[in-house]
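Read the structure below first, then the notes.
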Amino acid sequence: MRDIRFENVTKSYNDEVIIENFNLTIPSGCFFALLGPSGCGKTTLLRLIAGFEKVDSGNIYLGDQNITNVPINRRKQINTVFQNYALFPHLNVFNNVAYSLKIKGLSKDAIEEKVKRVLKAAHLEKQIYKNIEQLSGGQQQRVALARAIVNDPEVLLLDEPLAALDQKLRDKLLVELVDLQYQLKTTFVYVTHDQSEALTVADSMAIMNYDGEIEQLDSPRQIYEYPQSSFVANFVGSTNIFEGEIEKAGENWVFNTEWGKFGVIVDPNKSFVENKKKLLMSLRPEKIWITKRTETEMDNVLKGEVISLIYSGLSTVYNVRIAENKMIQVFEQNDEKLAKENIEYDDKVNLYWQNNNAVILER
Amino acid sequence: MFGKIKNIFLPSMVFFIYAFLYLPILIMAIFSFNKASIGFKWIGFTTEWYQKLFYSDEIWYVFKNSLIVALSAVFLSVTIGVALVWGLYRKNTKLLSLFYSNIMIPEIVSSVSLLSLFILFSIPLGLNALVIGHTLLGLGFVIPILNVRFQELNYNLIEASLDLGANIWTTFFKVVLPFLVPAIVSASLLVFIVSLDDFLIAFFCSDSTSQTLSLYIYSTIRAGVSPLVNALSTLMLVGSSVLVLLFIYISLKFIPENND
Amino acid sequence: MNNFKKLFYEDGAFFISIPALLWQLLFLILPISIMFIASFLIYKSGTFTKFTFEHYKSVFDLPHFYVIFRSVILAFFNSTLCLIFAYPVAYYLSIRTTRYKNLSLFFLTLPFWINFLVHIYSWFFILDYAGLLNSLLIKLGIIKTPVHFINTVGSIMLVMLHGYLPFMILPLYTVLEKLDKKLIEASLDLGATRTYTFFRIVLPLSYTGASAGFFLVFVLSFGEFLIPALLGGGKTLFVGTLISEYFLMLGSLPQGAAFTFVSALILILSLLFCRLLLKYFFRGR
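Protein chains in written order, with the working numbering: chain A, 1 to 363; chain B, 364 to 623; chain C, 624 to 908.
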């Protein structure tokens with residue numbers, strides 16, 4: 001298994017620069033997610049790896065092999081699962097999956113054995129000789145997957161493969177994909193705009209912004225808990241952002257905002273933190289405790305009024321106004337059937353959180 | 364290798380085929396301005412043939428005939444065609460599909476059978492017979508075009524109209540008909556052109572007084588090349604182009620429209 | 624019967640569709656039926672008498688049959704040539720994505736709308752004994768005396784190709800344009816060459832358009848009257864021209880009718896045969 005490496009790649013489309021001097025290494029054998037808003041260039045990256053697009057400048061490597069100018073069909077170790085599956089309508093399931101094997105020139109028996117094995121693993125034994133239009137969306141997706149992996153590729157590219165499916169099916173297939181990757185040890189490059197999908201599947205993920213740059217490259221947990229910019233903090237999950245000034249108070253740090261002074265823990269690795277510097281603080285909604293009572297054990301507090309609440313069975317999201325110009329979002333899991341307290345519209349509440357739950361951001 | 368074929372061979376082949384399609388007509392058009400009545404020799408630029416055309420009584424007579432037949436055929440086929448599709452709307456599609464086969468029948472068969480009918484029932488040949496035949500032709504185009512447009516009609520609009528108190532006929536004239544206008548216009552253009560273009564029905568079903576443009580050109584060709592026909596053909600070429608542009612303009616303008 | 628009653632009494636809208644139905648009945652269905660009946664009768668001294676199979680029998684005599692056979696061959700060759708030349712054009716246009724696409728489409732459909740006789744006349748102008756091509760060739764010194772281009776099978780085929788090419792390009796284009804380009808990408812991604820992709824993916828999926836165009840051109844070419852009449856010089860007879868000869872006189876009407884129906888039957892049989900051929904060629908591998 002080899003790494004995929006982008007080296008100073010630039011790509012434009014219709015005079016619009018999508019990515020410029022782009023560098024990225026996707027380690028072999030991992031489930032890699034490329035996350036970003038629509039139009040950020042993540043699909044372009046995928047298509048560059050597959051060979052559907054050519055770079056304007058720069059190089060793409062598979063291990064030591066420079067594949068920049070290798071045509072699509074010669075990039076045999078790289079296969080794609082398309083968003084709309086792109087199954088050949090005039091061929092049945094068997095022939096779709098067998099397509100690449102026939103081209104390779106395998107014997108009829110070898111082809112049959114491989115195809116049947118892969119279709120069995122995809123729970124499609126009963127559909128082997130059916131026509132494509134007779135299959136459901138979920139089944140078609142599995143055929144597309146089977147067709148791509150029957151080749152034992154080194155790299156599997158997935159372009160939002162679950163986008164056309166309903167939520168429950170999506171959740172189920174997502175887990176199956178993770179298991180599959182774990183078994184095959186193939187490098188999966190998974191492109192999506194759905195952050196919860198990315199968080200679920202990825203060993204390692206890259207967040208791209210609108211300019212085609214990577215905001216952060218990290219594991220899902222690191223990205224979620226330690227975002228490096230407000231873009232990442234807002235794109236993955238949701239958060240409350242405070243503008244203010246960081247100040248050293250003896251051994252500790254304090255974040256000054258117009259709505260109060262809050263204690264924060266600063267990661268010593270963050271070199272941009274200097275005394276009296278204007279920075280941002282990110283506080284995720286689920287890290288805040290909302291209550292009408294008064295507590296003394298918590299580090300920080302803000303007082304406010306409940307403006308709206310959205311009950312969705314599993315959880316409740318509160319929008320609390322703490323000042324004329326500031327709303328805070330709080331997320332609370334309904335972990336008890338009979339809640340200890342009922343928080344309603346217009347209630348006066350206290351928002352508590354601990355120092356280590358906030359993250360200082362540079363931008 | 365295929366890539367190279369695609370990039371060089373393909374465009375050049377396409378170019379040659381387009382040239383094949385257009386060269387004869389363009390040459391004919393160019394030479395309609397030639398002083399010489401025949402041959403390759405370019406003697407000089409002239410519009411005398413067009414002038415002769417303009418002053419030719421015969422040409423105007425023939426043109427008038429073609430126009431009368433075409434306009435009548437358009438009027439008739441569109442009227443009864445719209446009536447048919449509306450009458451069968453959401454009721455009976457089998458009768459409707461009866462008309463789709465009109466295009467499948469070779470025109471020679473329909474024209475000679477029409478001739479047989481006229482002879483048998485002693486119906487006089489001539490312009491009326493032509494109108495009958497062209498209307499039949501026209502129906503084969505009008506009905507599919509209108510049917511497609513009807514399928515695009517949002518039935519909720521009709522229900523809304525009825526709900527607000529209008530009867531089915533008011534609904535037709537106030538709601539359905541306006542929606543049909545682009546299809547009616549494009550179908551009319553199409554039938555108009557088909558009628559002007561028709562030869563076979565005119566050949567079998569006309570008499571000495573009802574010669575059409577097509578018949579005129581036909582008889583002239585039998586006698587040989589004529590510069591008048593060059594000029595006439597060029598004019599018809601220009602006329603057709605204008606009509607196509609109209610047709611495309613209307614189709615493009617109304618296709619993405621929803622149910623306003 | 625219940626359905627019919629329902630149609631009749633429900634909001635009278637059905638009544639207005641009667642004129643068109645009547646038209647179709649009177650002027651298409653009735654005439655053809657009459658012709659069919661007439662094909663079994665003999666015309667003698669002003670009236671139709673006597674039921675007979677004689678006309679049908681004589682159709683199978685050699686002279687007639689040869690005409691039908693010749694028309695089938697002509698139609699087949701014309702359709703095949705049209706298909707071969709139309710395919711590159713349709714394919715090329717379908718993969719274009721520039722703004723010139725609409726312009727190309729316009730020029731593609733324009734020949735449809737130009738009077739067929741104008742098309743024929745333009746070729747006449749070029750190919751005539753005293754026409755353009757001959758004058759040009761003589762001037763260039765390639766030949767000394769004019770050549771009779773007209774009145775040959777060659778000129779007939781040439782003008783037929785010219786006339787029917789647009790009929791083949793359009794349905795092909797429609798089908799190729801709708802082809803999901805991702806299918807081609809998928810095929811390449813799975814290791815196929817562009818050639819393999821063309822023969823295994825593009826060609827089979829264009830079958831519907833190709834067969835629609837092929838049948839259309841075949842039917843039209845088979846019954847073609849104008850081109851053989853004007854460019855064939857009356858020597859070579861085809862189904863279209865022969866039928867017209869029959870119907871110009873009342874006496875030969877029944878014979879002509881019989882001939883028409885037999886030709887139609889053979890046309891249908893030929894179409895079925897061509898369907899098998901096309902299916903094998905496009906999707907059979």
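A virtual CB, placed ideally from N, CA and C, is assigned to each residue, including glycine.
Between residue i and the rest of its own chain, which residues show a CB-CB distance below 6 angstroms, the 5 nearest in sequence each way excluded?
i, result
"A:Phe88", "Asn96"
"A:Glu362", "Phe272"
"C:Gly836", "Met791, Pro794 and Leu795"
"A:Asn342", "none"
"A:Ala98", "Ile111 and Val115"
According to DSSP, residue i sits in a beta bridge with which residue or residues?
i, result
"A:Phe255", "A:Ile246 and A:Phe262"
"A:Asn300", "A:Trp353"
"A:Lys76", "The partner list for A:Lys76 (beta bridge, DSSP) is empty, contrary to what the question assumes."
"A:Lys368", "The requested residue 368 of chain A is not part of the displayed model; chain A covers only 1 to 363."
"C:Phe674", "C:Leu664"
"A:Thr291", "A:Asn350"
"C:Arg588", "With chain C covering only 624 through 908, there is no way to say anything about residue 588 of chain C."
"A:Val191", "A:Leu34 and A:Asp159"
"B:Val377", "DSSP, once it has assigned bridges, lists no residue as partnering B:Val377."
"B:Lys537", "Answer is none; B:Lys537 lacks a bridge partner."
"A:Val359", "A:Ser282"
"A:Tyr318", "A:Leu309 and A:Val330"
"A:Arg5", "A:Thr25 and A:Tyr61"
"A:Ile241", "A:Ser282"
Excluding five sequence neighbours on each side, which residues of the same chain lie with their C-beta closer than 7 angstroms to the C-beta of residue i?
i, result
"A:Cys40", "Met208, Asn209, Tyr210 and Gly212"
"B:Ile471", "Leu563"
"B:Glu620", "Because the pLDDT at B:Glu620 is just 46, under 50, the model does not fix this residue reliably, and the point stays unresolved."
"C:Ala833", "Leu706, Leu795, Leu901 and Phe905"
"B:Asp623", "Note that B:Asp623 scores a pLDDT of 37, beneath 50, so its modelled location is shaky; the value from the coordinates is reported in the next line. Counting only Cβ-Cβ distances below 7 angstroms, and skipping sequence neighbours, we find nothing."
"C:Tyr758", "Reading off the sequence shown, one finds Ser at residue 758 of chain C, where the question assumed Tyr. No residues qualify anywhere along the chain."
"C:Ile779", "Ile850, Pro851, Leu854 and Gly855"
Considering only residues of the same chain and omitting the five flanking positions on each side of residue i, which have a CB-CB separation below 8 angstroms?
i, result
"C:Tyr632", "With a pLDDT of only 49 at C:Tyr632, under 50, the local geometry of the prediction cannot be trusted, and the value read off the model is given with reservation. Correct list: empty, nothing qualifies."
"B:Ile422", "Leu416, Tyr579, Leu591 and Leu595"
"A:Leu351", "Ile288, Trp289, Ile290, Val301, Leu302, Lys303, Gly304, Val320, Ile322, Ile328 and Val330"
"C:Lys767", "Ile761"
"B:Val557", "His497, Leu500, Gly501 and Phe504"
Less than 8 angstroms between the CB atoms is what I'm expecting for residue i and residue j, so what's the real figure, rounded?
i, j, result
"A:Ala130", "A:Asn92", "The sequence shown places Lys at residue 130 of chain A, not Ala. Indeed, because the Cβ distance is near 6 angstroms, the residues count as touching under 8 angstroms."
"A:Ile60", "A:Val9", "7 angstroms"
"A:Asp346", "A:Val306", "6 angstroms"
"B:Val505", "B:Ser440", "5 angstroms"
"A:Lys277", "A:Ile246", "6 angstroms"
"C:Lys673", "C:Ile660", "At roughly 13 angstroms, the Cβ-Cβ gap does not stay under 8 angstroms, so C:Lys673 and C:Ile660 are not in contact."
"A:Phe165", "A:Val201", "Note that residue 165 of chain A is Leu in the sequence shown here, rather than Phe. Contact flag wrong, Cβ pair sits at about 15 angstroms."
"C:Met853", "C:Ile743", "Here residue 853 of chain C turns out to be Leu, not Met, going by the sequence shown. Confirmed, Cβ separation roughly 6 angstroms."
"C:Leu894", "C:Phe822", "Not really, about 25 angstroms apart at Cβ, beyond 8 angstroms."
Is residue i close to the ligand SAM? I mean its beta-carbon at under 7 angstroms from any heavy atom of the ligand.
i, result
"A:Arg170", "Among the ligands in the structure shown, none appear at all, so the ligand SAM cannot be discussed."
Name, please, each residue of chain F whose Cβ falls closer than 9 angstroms to the Cβ of residue i.
i, result
"B:Lys404", "The structure shown contains no chain F; its protein chains are A, B and C."
Checklist entry - Which residues, taken in chain order from the region 56 to 84 of chain A, show a beta carbon closer than 9 angstroms to some beta carbon of chain C? => result Look at the region 56 to 84 of chain A: the residues with a C-beta under 9 angstroms from a C-beta of chain C are Pro71, Ile72, Asn73, Arg74, Arg75, Lys76, Ile78, Asn79, Thr80, Phe82, Gln83 and Asn84.
Checklist entry - Does the region 73 to 84 of chain A come close enough to the region 43 to 51 of chain A that 3 or more CB-CB pairs lie under 8 angstroms? => result Counting C-beta pairs with one atom in each stretch, the region 43 to 51 of chain A and the region 73 to 84 of chain A have three or more that are closer than 8 angstroms, which means they touch.
Checklist entry - Do three or more CB pairs link the region 824 to 840 of chain C to the region 748 to 757 of chain C at distances below 8 angstroms? => result Result no; under three Cβ-Cβ pairs closer than 8 angstroms.
Checklist entry - What residues in the region 98 to 125 of chain A bring their beta carbon closer than 8 angstroms to a beta carbon of chain C? => result Listed by position along the chain: Tyr99, Ser100, Ile103 and Lys104.
Item to check | Residues from the region 433 to 454 of chain B in contact with chain C, defined by Cβ distance under 7 angstroms | outcome: Cβ contacts with chain C come from Ile443, Gly444, Ala446, Leu447, Trp449, Gly450, Leu451 and Lys454.
Checklist entry - For the 8 angstroms Cβ check, are there 3 or more pairs between the region 484 to 493 of chain B and the region 561 to 580 of chain B? => result Taking a contact to require three or more Cβ pairs closer than 8 angstroms, the region 484 to 493 of chain B and the region 561 to 580 of chain B qualify as touching.
Checklist entry - Are at least three pairs of beta-carbons, each pair with one atom in the region 842 to 859 of chain C and one in the region 459 to 473 of chain B, less than 8 angstroms apart? => result Contact between the region 842 to 859 of chain C and the region 459 to 473 of chain B is established, with three or more Cβ pairs separated by less than 8 angstroms.
Checklist entry - Going along the chain, which residues of the region 645 to 677 of chain C sit with their C-beta nearer than 7 angstroms to a C-beta in chain B? => result For the region 645 to 677 of chain C, residues whose beta-carbon sits nearer than 7 angstroms to a beta-carbon of chain B comprise Trp646, Gln647, Phe650, Leu651, Leu653, Pro654, Ile655, Ile657, Met658 and Ala661.
Next on the checklist: Is it the case that the region 731 to 749 of chain C contacts the region 553 to 563 of chain B, given that we only count it when at least three CB pairs across the two stretches are under 8 angstroms?
Outcome noted: Yes, the region 553 to 563 of chain B touches the region 731 to 749 of chain C.
Checklist entry - Do the region 368 to 379 of chain B and the region 318 to 333 of chain A make contact, defined as three or more Cβ pairs closer than 8 angstroms? => result When Cβ pairs closer than 8 angstroms are counted between the two stretches, the region 368 to 379 of chain B is seen not to touch the region 318 to 333 of chain A, the count staying below three.
Checklist entry - Using a beta-carbon distance cut-off of less than 7 angstroms, what residues from the region 813 to 840 of chain C approach chain A? => result Leu813, Gly814, Ala815, Thr816, Tyr819, Ile824, Pro827 and Leu828: these are the residues of the region 813 to 840 of chain C whose beta carbon lies less than 7 angstroms from some beta carbon of chain A, given in chain order.
Next on the checklist: Using a Cβ-Cβ cutoff of 7 angstroms, what residues of the region 506 to 536 of chain B are near chain C? List them in chain order.
Outcome noted: If the cut-off is 7 angstroms between Cβ atoms, the region 506 to 536 of chain B has Ile531 near chain C.
Checklist entry - Using Cβ-Cβ distances below 8 angstroms, what residues of the region 789 to 813 of chain C are close to chain A? => result The residues in question are Asp803, Lys805, Leu806, Glu808, Ala809, Ser810, Leu811, Asp812 and Leu813.
Next on the checklist: Output needed in chain order: residues of the region 381 to 392 of chain B with a Cβ under 9 angstroms from some Cβ in chain C.
Outcome noted: The region 381 to 392 of chain B vs chain C, Cβ under 9 angstroms: Tyr381, Phe383, Leu384, Tyr385, Leu386, Pro387, Ile388, Leu389, Ile390, Met391 and Ala392.
Item to check | Interface residues of the region 561 to 578 of chain B facing chain C [CB-CB below 8 angstroms] | outcome: For the region 561 to 578 of chain B, which is checked against every Cβ of chain C, the residues closer than 8 angstroms are Phe562, Leu563, Phe566, Phe567, Leu576 and Ser577.
Next on the checklist: Whether or not the region 886 to 896 of chain C and the region 718 to 725 of chain C are in contact is what I'm after, with contact meaning three or more pairs of Cβ atoms, one per stretch, closer than 8 angstroms; do they touch?
Outcome noted: Segments in contact, no.
Item to check | Residues from the region 39 to 51 of chain A in contact with chain C, defined by Cβ distance under 7 angstroms | outcome: Those residues of the region 39 to 51 of chain A that come within reach of chain C (Cβ to Cβ, closer than 7 angstroms) are Ala50.
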